[in-house]
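The next block holds one structure in the form of structure tokens; read it before the comments.
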Amino acid sequence: MNQRFQRWYASCISKQLDKGVDIETLKPVDLRLSILKPLGAKWLVETCKYIRSQPEMVIKGFEKAGIAEVCRKS
């Protein structure tokens with residue numbers, strides 16, 4: 000999700016630069032919660048869908064963290 004935020008933030012800056020705004024007069028990116036909450040929810044859903052489509056990634060993560068071994072012993 001961190002990468003998604005960074006890409007979104009960079010695109011906000013790029014849009015201003017593409018319109019010819021001088022780098023010295025760039026407007027700050029609007030970071031109000033009313034803007035970020037819907038984006039965060041969208042990114043979270045997309046992340047969950049990605050993880051769901053990659054079960055081997057979760058299994059490998061559990062193994063690397065030692066969680067799988069603890070579960071087997073229980």
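Note that numbering that gives the first Met the number 0 has the sequence shown beginning at 0, numbered continuously upward.
C-beta atoms are modelled at their ideal positions from N, C-alpha and C, and glycine is treated no differently.
Model, not experiment: these values are computed from the prediction.
If you draw a straight line from the C-alpha of ASP21 to the C-alpha of SER13, how long is it?
As a working mapping, residue 21 is identified with position 22 in the sequence shown. As a working mapping, residue 13 is identified with position 14 in the sequence shown. The C-alpha of ASP21 lies about 11 Å from the C-alpha of SER13.
Would you report the Cα separation of ARG3 and LEU38, rounded to the nearest angstrom?
Here residue 3 is taken as the residue at index 4 of the sequence shown, counted from 1. Here residue 38 is taken as the residue at index 39 of the sequence shown, counted from 1. When rounded, the distance between both Cα atoms is 9 Å.
Helix, strand or coil: which one does DSSP assign to LEU16?
Counted from its first residue, the sequence shown places residue 16 at position 17. In the structure shown, LEU16 falls within a helical segment according to DSSP collapsed to helix, strand and coil.
Sub-8 Å separation of LEU25 and GLN15 beta-carbons
As a first step, residue 25 must be located in the sequence shown, where it is residue number 26. As a first step, residue 15 must be located in the sequence shown, where it is residue number 16. Note that the C-beta distance between LEU25 and GLN15 is below 8 Å.
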